[in-house]
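Here's the structure, in structure tokens; my notes come after.
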Amino acid sequence: FSTYDDLGSPYKLNISSRGFYSSPVVGLPQGVAVFLDGVRMNEPEASQINFDLLPLDHIQRIEVLSGNGSLLGRNALGGAINLVTPRGAGPTRANVEVSGGSFGAFRGEANVSGLSQGGVDWYAGGNYNREDGWREVTGAEEYSGFFNGGKLGLTSGIRFQGLYAKSDVRSAGSLPESIFGSSPDSNLSANDYEDLWQYQGAVQGYTQVGTGKISGTAYYRRHRAERFNANQPDDPDVFGISYNSTLGFTGDYRWARLLNDNLALNLRGGVDGSISRVRIDIFADSIKLGGARVLTTQARSPLWDLAPFLMADLTTGPVTLSAGARYDYVRIPFENLLDPTADTVGTYSQLNPRVGVSVLVGRGASLFASWGKSFRSPAVIENACADPESPCPLPFALGDDPPLDPVKATTVEAGFRYATDNLALDASVYHMNVGDDIFLTPFGEEEPSGSTIDGFFINLDRTRRVGFELGSAYRFPAGHSAYLNYAFTRATFQSVAQVFSIRSIEDDGVINPSPTDNEVTAGDRLPLVPDHVIKGGATLRLGRHVYAGADARYTGKQYLRGDEANATSPLDDYIVADARVGIEFDRWEVSGVVTNVFQNRYAIFGGFNINQGNPAGPTVERFLSPGSERMFRLIVRTSFGGAPAPGGEGDLD
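Quick note, in our numbering, the sequence shown goes up one by one and the last residue is 922.
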């Protein structure tokens with residue numbers, strides 16, 4: 270996984286995996302599914318992920334599937350992330366952490382957990398986080414609460430979970446390249462903000478039935494987002510509110526049988542589904558121009574999906590053969606409340622099969638290979654801006670447009686794994702063909718009123734992702750540890766298309782040094798997908814109580830969004846290093862962290878826009894988002910009460 274940032278805030282990072290994204294940006298195609306203890310967390314209106322609303326301070330481990338996501342449903346084109354939360358274990362224990370640092374950063378987090386004599390485990394925690402931000406007129410304030418509780422036994426169990434989170438982030442957009450080099454802390458969209466909150470409740474349970482086990486999960490999530498996008502001086506701003514509510518469930522039956530001394534069969538079948546209600550209000554805000562805030566879009570979408578699935582593993586000696594399939598049915602209505610005369614409904618059905626083989630070739634070593642299909646259905650906002658006869662003046666308006674086709678991918682992957690008590694190695698190579706990828710294309714005629722973005726979403730015939738990944742980690746007998754990971758990704762277009770870009774604008778009132786069509790051809794690289802990513806680090810134990818460590822990451826060249834045709838120079842590659850040192854004694858730990866130790870200047874995101882503040886007049890320029898400056902943070906942790914930190918044995922899966 271690699272990260273980039275086009276909202277100018279460390280709380281709004283985008284994750285990229287194999288040329289697909291998991292992002293908080295509404296309108297960016299989402300291709301990585303995110304789960305919390307098996308509950309899908311992608312929001313229904315745009316499949317976006319609000320990482321700042323997830324209980325990241327209460328995570329026991331992160332499970333990453335960077336390969337074929339056939340059996341995980343929509344959005345798992347580039348894989349999936351499952352965040353596993355802790356539960357109580359042993360006598361009551363409390364943990365407290367306080368930290369502070371550069372640019373007014375302050376964070377407090379506490380949790381308490383335990384296990385009763387009757388076998389009921391519980392975990393509760395909360396956190397508060399704020400900072401002023403290193404760029405002008407930025408900052409963030411967040412708080413959340415989280416609870417896990419239940420009783421898990423060998424033959425039956427039940428678990429309850431609840432969370433609440435609120436996040437208010439003042440972000441900074443990208444900067445014209447002419448300003449980026451001299452004043453990277455500037456903010457030309459000083460009033461941008463996202464004010465979000467959500468609550469979620471879930472119940473999970475299982476029980477033995479015959480020789481198998483039935484398990485189920487039900488959850489409800491409510492989410493509200495208020496967003497303000499401050500545009501340049503001559504353009505109206507954008508104000509929007511969205512409301513989402515989702516009721517979801519998963520149920521399955523698992524059965525395992527030893528057929529003979531050398532043959533074992535595992536079966537799992539079930540159904541997954543959800544019902545969501547989406548409400549979207551978008552306003553063109555011209556108050557700064559002496560105008561008013563005008564409602565341009567008011568829409569709702571009562572969408573739902575249902576997906577039965579079946580999978581089987583057959584093990585004979587060192588060989589395990591696996592097969593499975595999932596059938597997804599998704600229905601996405603779009604109701605325009607300002608003009609109810611025309612409604613549209615997108616319905617999508619897709620069978621995603623998967624087959625694989627794993628072979629143990631020695632102690633701790635195995636080979637694996639798989640083939641499978643995956644898909645994502647178009648998001649509500651993509652379907653609402655897909656009519657070539659009625660382009661959208663984004664981001665102001667959506668409409669009742671013909672539904673798009675779902676994105677479909679076929680992946681072949683093979684690899685190797687090796688693990689001992691001290692060493693872990695893995696390697697994989699993959700080839701993925703993608704059909705009907707969704708991109709914004711230009712209208713080609715006059716611009717819709719009030720926007721320079723005149724386009725509509727289309728299905729692009731073919732794209733491709735190929736690459737290989739290497740990973741290694743080693744723990745030394747003295748307690749030192751080190752890791753090194755490498756990923757090569759080549760994400761390319763495989764068909765001709767015209768993709769929207771402000772770089773191609775031709776207007777008498779705009780200076781455009783090189784107005785060229787953004788027409789892609791086979792072999793052109795997708796934007797914002799680095800070709801090489803290297804990550805490495807080490808931790809040293811300096812005696813019994815002191816440790817020190819460092820991490821570094823190299824991100825290769827990547828083309829700017831809006832240059833899908835690869836006609837201009839890509840973003841420069843860059844290296845960023847972090848360092849940490851800490852001391853542990855009794856129940857206390859004090860540590861210091863420095864990020865971007867060498868104060869490297871680099872661009873983490875790039876696109877094109879019109880710089881209305883250029884002295885020569887409105888000019889099309891490269892707009893870049895600067896990586897964070899060097900920051901310091903001091904962290905103090907302590908614990909009270911009983912034994913080891915909360916564990917996760919017996920977690921529902």
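Even glycine gets a Cβ: it sits at the ideal position worked out from N, Cα and C.
Pairwise C-alpha distance: residue j and residue i
i: E446; j: V845; result: 21 Å
i: N460; j: D506; result: 10 Å
i: L607; j: R569; result: 11 Å
i: T864; j: D401; result: 17 Å
i: Y617; j: G704; result: 15 Å
i: L352; j: V862; result: 24 Å
i: L341; j: T732; result: 21 Å
i: D800; j: T758; result: 5 Å
i: W640; j: T679; result: 7 Å
i: Y871; j: P895; result: 6 Å
i: S371; j: A349; result: 33 Å
i: R595; j: A581; result: 12 Å
i: Q299; j: Y290; result: 5 Å
i: F416; j: P293; result: 24 Å
i: Y280; j: S484; result: 35 Å
i: A666; j: F497; result: Per-residue confidence for A666 stands at a pLDDT of 49, beneath the threshold of 50, marking its modelled position as unreliable; the derived number appears in the next sentence. Going by the C-alpha atoms only, they are around 15 Å apart.
i: P766; j: P313; result: Pro is not the amino acid found at residue 766; the sequence shown has Ala there. Going from the Cα of A766 to the Cα of P313 covers about 28 Å.
i: A688; j: M900; result: 36 Å
i: W403; j: A374; result: 10 Å
i: T785; j: N605; result: 36 Å
i: S908; j: A379; result: 9 Å
Buried or exposed by the 16-neighbour rule on C-beta atoms within 10 Å, applied to residue i
i: D776; result: exposed
i: N621; result: buried
i: A315; result: buried
i: Y940; result: Absent from the model: residue 940. The displayed extent of the chain is 270 to 922, so no value can be given.
i: T790; result: exposed
i: G684; result: buried
i: Q868; result: exposed
i: L840; result: buried
i: E714; result: Its pLDDT being 46, under 50, E714 is placed unreliably by the model, and the measurement read from it follows with that caveat. Its Cβ having fewer than 16 others within 10 Å, E714 is exposed.
i: V478; result: exposed
i: E651; result: buried
i: H492; result: buried
i: A926; result: What the structure shows of the chain is the stretch from 270 to 922, and residue 926 is not part of that stretch, so it cannot be assessed.
i: R632; result: exposed
i: L532; result: exposed
Per DSSP, the bridge partner or partners of residue i
i: H700; result: V681 and V735
i: V507; result: N498 and A553
i: S286; result: F289
i: K826; result: Answer is none; K826 lacks a bridge partner.
i: W391; result: G383 and G418
i: W640; result: V624 and V681
i: P298; result: According to DSSP, which records beta bridges pairwise, P298 is partnered with nothing at all.
i: H801; result: F757
i: P577; result: V540
i: G426; result: L421 and Y475
i: W403; result: For W403, which the question treats as bridged, DSSP gives no partner whatsoever.
Anticipated Cβ contact below 8 Å, residue i with residue j, distance rounded
i: F874; j: L797; result: 7 Å
i: G778; j: P887; result: 6 Å
i: E366; j: I904; result: 7 Å
i: S643; j: L346; result: 5 Å
i: N691; j: Y743; result: 6 Å
i: D842; j: Y823; result: 7 Å
i: D793; j: N728; result: That pair is no contact at about 17 Å.
i: R906; j: N364; result: 7 Å
i: S232; j: S271; result: Absent from the structure is residue 232, since the part of the chain shown begins at 270 and ends at 922.
i: G625; j: A638; result: 7 Å
i: S764; j: N787; result: Between N787 and S764 the Cβ distance is about 15 Å, and since that is not below 8 Å, they are no contact.
i: N311; j: N344; result: 6 Å
i: N337; j: E738; result: Incorrect: roughly 14 Å between the Cβ atoms, too far for contact.
i: P587; j: V614; result: At roughly 50 Å, the Cβ-Cβ gap does not stay under 8 Å, so P587 and V614 are not in contact.
Any chain C beta carbon closer than 7 Å to residue i
i: S838; result: Here chain C cannot be found, since the structure has a single protein chain.
Check your understanding: Are the stretch 471 to 480 and the stretch 422 to 434 touching by the rule of at least three beta carbon pairs closer than 8 Å?
Key -> Yes, the stretch 471 to 480 is in contact with the stretch 422 to 434.
Practice item. May I ask you to verify whether the stretch 384 to 391 touches the stretch 302 to 312, counting CB pairs closer than 8 Å and requiring at least 3? Key: The stretch 384 to 391 vs the stretch 302 to 312: no contact.
Review point. Taking three-plus beta-carbon pairs below 8 Å as touching, is the stretch 538 to 546 in contact with the stretch 566 to 586?
Key: Flag = yes, the stretch 538 to 546 and the stretch 566 to 586 touch.
Check your understanding: Quick check: the stretch 506 to 521 against the stretch 544 to 557, are there 3 or more CB pairs under 8 Å?
Key -> Output reads yes: the stretch 544 to 557 touches the stretch 506 to 521.
Exercise for review: Answer yes if the stretch 558 to 569 comes into contact with the stretch 522 to 529, meaning at least three C-beta pairs across the two stretches below 8 Å, and no otherwise.
Suggested key: Taking a cut-off of 8 Å for Cβ pairs, the stretch 522 to 529 and the stretch 558 to 569 do not touch, as fewer than three such pairs fall below it.
Exercise for review: Answer yes if the stretch 376 to 387 comes into contact with the stretch 353 to 361, meaning at least three C-beta pairs across the two stretches below 8 Å, and no otherwise.
Suggested key: Contact between the stretch 353 to 361 and the stretch 376 to 387 is established, with three or more Cβ pairs separated by less than 8 Å.
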